[in-house]
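J.: Below is a structure I'd like to ask you about.
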Amino acid sequence: MSAAADGAAACKIEEVSKSFGAVQAVRDASFSVEPGSLTCLIGPNGAGKSTLLHCISGFLRHDTGTITIGGTDVSRWTAHRRASNGLGTVFQTTRPLEGLDVWTNA
Numbered sequence: 377m378s379a380a381a382d383g384a385a386a387c388k389i390e391e392v393s394k395s396f397g398a399v400q401a402v403r404d405a406s407f408s409v410e411p412g413s414l415t416c417l418i419g420p421n422g423a424g425k426s427t428l429l430h431c432i433s434g435f436l437r438h439d440t441g442t443i444t445i446g447g448t449d450v451s452r453w454t455a456h457r458r459a460s461n462g463l464g465t466v467f468q469t470t471r472p473l474e475g476l477d478v479w480t481n482a
């Protein structure tokens, strides 16, 4: 999947929603990440940031919406298939790794 080849966004999220019973964790999230960009998702505790990232990576299946990577709809792909095609998740570390600069530790 090469976003640069066809001018598609590296990642495009369109109207993604996820509920757990009566609790709507994510409602109609939409944004694009351009190739080569550094993008942050910020918000208060409980805003649904982790849930949305889990939906994008395939760890959770979203209820509605579309997730496209490099112009390919990956909405129904497993987390393993997404990872095999270059979509990765890095979990937060609780402390810096010694010997690495600030950028590498980020």
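For the working numbering, count along the sequence shown from 1 and bump the result up by 376.
Using N, Cα and C, we set each Cβ at its ideal position, and we do this for glycine too.
The structure presented is a predicted model; accordingly, all values stated were derived computationally and were not measured.
Could you work out which residue in Gly-447, Ala-455, Ser-451 is closest to Val-409 when comparing CA atoms only?
T.: Gly-447
J.: Take the Cβ of His-456 as the centre, count every other Cβ of all protein chains shown within 10 Å, and call the residue buried at 16 or more, exposed below.
T.: Looking at its Cβ environment, which holds fewer than 16 other Cβ atoms inside 10 Å, His-456 is exposed.
J.: Using a 10 Å radius around the Cβ and a threshold of 16 neighbouring Cβ atoms, would you call Cys-387 buried or exposed?
T.: Cys-387 comes out buried.
J.: How far does the alpha helix (DSSP H) with Ala-455 in it extend, from its first residue to its last?
T.: Counting along the chain, the alpha helix (DSSP H) containing Ala-455 begins and ends at 455-460.
J.: Run through DSSP, which three-state label would Val-427 get?
T.: The question names Val, but residue 427 is Thr in the sequence shown. Residue state, collapsed to three classes: helix.
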